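For reference, the structure is listed below as structure tokens.
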Ligand code: SAH
């Protein structure tokens, strides 16, 4: 098979680190091939040499998400816009748009795109119909900051909390070039929620515990929704949705998932 350079073989990894952060947002991904080993089928020669490559790959990812049942147009647009490859280590950029979770350091992982999209779609479905944007959202488990960036396009304010200092700092560096003024990164134990941002229209967790912490319930607005992985009685993890209604809480247990554990305290 002819080896063609294609995204992400042409990712400019060296300049990613070298370019001043404020320039990164505007700099398209367009450098020459360093290696032709990870050429992927499907990119036309015409697309080669253009900064549009990663956009095309994201376009394909979005099509796949739609095929997998994601329907919310704003969510699909956000998934198409946020450059996921900027959130993973350089050695993994060629997997950034694959349907796979990836290591982000300190034993943690960035979720698969379809899991990120599924959870955000559930969050959006819990909001008032007709609302143009979600209100305030709390994300527990910032990790590399990818999901926070997606949420930043869909919610008025995003408070994202991470318990590992190393990842909190990494997310800050990753997000800086995106200049998302409405995304607030916090270092702390997300099991306590973040009372200063409450009440939240939505709370989304990227780590699973044995129960939904009471602080999340308390900090959720009436009419709001929590989407989180949680350990079930069977000892497996499932996606759980909690709606805070006028008359009380409504719990729904959905499909099985595999998230890193929700831990208390900071490190
Ligand atoms: N949304 C992230 C996924 C990160 S993985 C992304 O897009 O990259 C889940 C993260 O949850 C890990 O970084 C882990 O350190 C963090 N975490 C686990 N328990 C936590 C807690 N109590 N408070 C805050 N973060 C927590």
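In this note's numbering, the protein residues as written are 54 to 320.
C-beta: ideal position from N, C-alpha, C; glycine also.
Model, not experiment: these values are computed from the prediction.
Beta carbon of residue i nearer than 8 Å to that of residue j
| i | j | result |
| --- | --- | --- |
| residue 307 | residue 294 | yes |
| residue 212 | residue 137 | no |
| residue 177 | residue 207 | yes |
| residue 254 | residue 190 | yes |
Check: residue i C-beta below 7 Å from any heavy atom of the ligand SAH
| i | result |
| --- | --- |
| residue 242 | yes |
| residue 183 | no |
| residue 247 | no |
| residue 174 | no |
| residue 9 | Lying outside 54 to 320, the shown extent of the chain, residue 9 is not represented and no answer is given. |
| residue 265 | no |
| residue 205 | no |
| residue 165 | no |
| residue 148 | no |
| residue 195 | yes |
| residue 139 | no |
| residue 215 | yes |
| residue 220 | yes |
Residue i, DSSP secondary structure in three states
| i | result |
| --- | --- |
| residue 180 | coil |
| residue 289 | coil |
| residue 156 | strand |
| residue 185 | coil |
| residue 265 | coil |
| residue 303 | strand |
| residue 23 | For residue 23 there is no data in the structure shown, the boundaries of the chain being 54 and 320. |
| residue 248 | helix |
| residue 241 | coil |
| residue 310 | coil |
Buried versus exposed, by CB contacts within 10 Å (16 or more), residue i
| i | result |
| --- | --- |
| residue 262 | buried |
| residue 139 | buried |
| residue 185 | exposed |
| residue 221 | buried |
| residue 205 | buried |
| residue 302 | exposed |
| residue 275 | exposed |
| residue 192 | buried |
| residue 305 | exposed |
| residue 181 | exposed |
| residue 95 | Unreliable positioning characterises residue 95 in this predicted model, as indicated by a pLDDT of 39, which lies under 50. The coordinate reading is nonetheless provided below. Looking at its Cβ environment, which holds fewer than 16 other Cβ atoms inside 10 Å, residue 95 is exposed. |
| residue 234 | exposed |
Practice task
Could I get the ranges of all uninterrupted alpha helix (DSSP H) runs contained in the stretch 114-144, with 4 residues as the minimum, in chain order?
Solution key: Counting only runs of 4 or more, we get 126-134.
Runs of 3 residues minimum, wholly inside the stretch 198-231: which ones carry the beta strand (DSSP E) assignment? Counting only runs of 3 or more, we get 208-215.
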